[in-house]
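Working notes for the structure below.
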Amino acid sequence: MRTRRLLATAGCLAVLGLLLASCAPALQPTPASKAASPPPATTVVPTAARPAAPSPTAKPAPTESGPRYGGVLTIGIGGDPVSLDTQREESTFTYSIGAGTYNLLLKYDPRAWPEFKPVPDLAASWELSPDGKVYTFRLAKGVKFHDGAPFTAEDVKFSLDRIRDPQFGLVKSPRRLQLAAVASIDTPDEYTVKIALSRPQASFVPLISNVYFPIYPKHVVLENKNDMTKTALGSGPFKFKSYTSGVGWELVRNADYFVKGRPYLDGVKGYVMVDSFTRFAALRTRNILWYAPFPFMSASQTKIIEGTLSDKIALVWRSQPTWYGAILNVAKPPWNDVRVRQALSMTFDRKRMVAIGLEGAGVPGMAALPPGEWALPEEEMMKAPGYTKPDIEGAKKLMAEAGYASGFTAEGLVRAIKQTQDMGVLLKDAAAAVGIDLDLKVVDSAVYQDTLFRKNFSIAAAGFGASFVDPDAQLPDFYLTGASRNWGGYSNSRVDELYVQQSQTIDKAERRKIVWELQRTLLKDVPIPIAYWANCPYAWWKDVRDYFPPVGFNNAFAYQDIWLVK
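In this note's numbering, the protein residues as written are 1167 to 1732.
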């Protein structure tokens, strides 16, 4: 087996150690989220009220009974951002910066867990037309971008158009199809945005409340000729200060932030720590205050925290809408033969894979949605080939029928992140049972993403997901014809049809039936054999306050309301 592992150099770790020596405080928790209820087809005007906050000039008294100003939140990050363009990338490492520098129209309120509750951000309020097809957003006034330019409705229209229209903006925006129902975006005045949908969409409001849809300043994007990969300039609570590859990044307080009294922190520093043991050691020694939730802390590491530092470090588990398995290039042999894809899935010992790959911190998976209200019923899943235990004889029979009785060799693309590398080893072991020899190639995140986008791979060990549990958040990117993250080239007109049907069905029970039927089709086609769904631990020092971990770790980097005890 040829396996190349990309590890952090000793020099980088030495520099990182020096940087960490000046670190300070930590965060505090609350619970995960289930699918948001679809909006009613009637006018809805959420309150624009924001939580009361002390004025920056009248700083709170230095007691633990209320928020304090000052201090720098230090975070251990598992890798470098692919770029700084949050609209373009799908990297959690990019979101860790973008979440602090940009605002959204609406945002997810983690305090409402387990509900996925959208609340105002740049939109002070919103309403939906009786036919369920036109959203009107009334925008907050007095908002300024970090360069002092005023925020207007035109920036909202420009940002969403940049994501949804490849001719207009980003050719490879990973979230383009999540806005596929948008027919037009109009700006009647400087503080009003009207988004017309071609059809009702049950989950439109929750979708745009995720970190993937930041509002950019139109003038800055144009000045940079549409290249935002090296800058992050928004209206958010923190300003981007610097980023050094392999070392880390820094954000500083935005003194002109439009939410009165926020933020409390002077800044946020993220330190790149590719090696999970180095990052864990930095948390235990308080050189970082927060262990960023991706890549996940291992279950065995959480036990160490619980056994030795539970009085000082908060630890909260969340179920995640994040799957691990294999992406197959179905446009190329041998994966263009459905029998080969089915055979690979039937080799998976999913219970064993969870035990090894996640140390038990997950659940076996096979369908395209995580356990819960949208997943196929458990009793149905139990009957699926290979779900409860591998079916090696059945898999060998399918391989022989496809002309691969002696197996074959394929290169396995693996991202240099612990959980994905573990998945690669598990895939190799499972595939070997039917004569498939996977030659694992481990590459860094940027190369991994680029290789997927160029579809220059055979099979990729993968772990991807969404920031909340809803079919519209998880299905289109990976399974629809021509989708930006449908790297394997899978196409089934029935899946495309069922997706649109469920998306515009407001009644949840009826929508669920359609979603189940779609998943049954995917189980037969197996474009992505899923091994398991992950649970994720969040860990931070307890003198970091008012941090509430979400269900989806991409929404985890909510710095606006965090404050430090000392």
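Each residue gets a CB set at the ideal place from its N, CA and C atoms; glycine is no exception.
- Under the 10 Å beta carbon count, residue 1388 is surrounded by fewer than 16 other beta carbons and is classified as exposed.
- If only uninterrupted alpha helix (DSSP H) runs of at least 4 residues are considered, those enclosed by the stretch 1662–1722 are 1674–1691.
- By the criterion of a C-beta distance shorter than 6 Å, residue 1626 is surrounded in its chain by 1493 and 1579, once the five residues flanking it on both sides are discounted.
- For residue 1615, the closest C-alpha among the options 1298, 1339 and 1333 is that of 1339.
- Under DSSP, the beta-bridge partners assigned to residue 1483 are 1703.
- When the Cα atoms are used, residue 1357 and residue 1450 turn out to be separated by approximately 47 Å.
- In this model, residue 1395 and residue 1267 are separated by some 14 Å (Cα to Cα).
- Beta bridge pairing from DSSP links residue 1361 with 1301 and 1351.
- In the three-state DSSP reduction, residue 1240 falls in the strand class (E or B).
- DSSP places residue 1441 outside both helix and strand once states are collapsed to three, so it counts as coil.
- At the C-beta level, residue 1696 and residue 1491 come within 7 Å of one another.
- By the Cβ-count criterion, residue 1620 is exposed, with fewer than 16 other Cβ atoms from all chains shown falling within 10 Å of its own Cβ.
- Between residue 1377 and the set 1529, 1383, 1452 and 1341, the nearest pair of CA atoms involves 1341.
- By the Cβ-count criterion, residue 1273 is buried, with 16 or more other Cβ atoms from all chains shown falling within 10 Å of its own Cβ.
- According to DSSP, residue 1435 shares a beta bridge with 1240 and 1416.
- In this structure the stretch 1496–1507 touches the stretch 1555–1570; the number of beta carbon pairs closer than 8 Å is three or more.
- Taking C-beta separations shorter than 7 Å and ignoring five residues to either side along the sequence, the partners of residue 1320 in its chain run 1353 and 1384, following chain order.
- Counting C-beta atoms within 10 angstroms of its own C-beta, residue 1637 has 16 or more neighbours from the protein chains shown and is therefore classed as buried.
- Rounded to whole angstroms, the Cβ separation of residue 1486 and residue 1700 is 5 Å, and the two are in contact under 8 Å.
- The beta carbon of residue 1402 lies closer than 6 Å to those of 1266, 1267, 1268 and 1269 in the same chain, with the five residues before and after it left out.
- Short of 6 Å from the beta carbon of residue 1409, and not among the five residues preceding or following it, lie these beta carbons of its own chain, in chain order: 1415.
- Residue environment for residue 1233: buried (at least 16 other C-beta atoms within 10 angstroms of its C-beta).
- Of the candidates 1435, 1667 and 1425, the residue whose Cα lies closest to the Cα of residue 1369 is 1667.
- A contact is defined here as three or more CB-CB pairs under 8 Å, and the stretch 1650–1658 fails this definition with respect to the stretch 1596–1612.
- For residue 1581, DSSP records a beta bridge to 1609.
- When secondary structure is reduced to three states using DSSP, residue 1334 falls in the coil class, being assigned neither helix nor strand.
- Assigned with DSSP and collapsed to three states, residue 1429 falls in coil, not helix or strand.
- Bounds of the beta strand (DSSP E) holding residue 1631 are 1625–1631.
- If you check the CB distance, residue 1425 and residue 1725 do not come in under 7 Å.
- Here residue 1614 carries a helix assignment [DSSP, helix/strand/coil].
- Nearest Cα to residue 1575 within the set 1254, 1640, 1601 and 1693: 1601.
- Under DSSP, no beta-bridge partner is assigned to residue 1279.
- The residues 1325, in chain order, have a CB closer than 6 Å to that of residue 1382 in the same chain once the five nearest residues on each side in sequence are set aside.
- The C-alpha of residue 1481 is placed about 14 Å away from the C-alpha of residue 1712.
- The count of Cβ pairs closer than 8 Å, one atom from the stretch 1527–1542 and one from the stretch 1675–1682, reaches three, so the stretches are in contact.
- Relative to residue 1477, the option among 1308, 1707, 1592 and 1663 whose CA is nearest is 1707.
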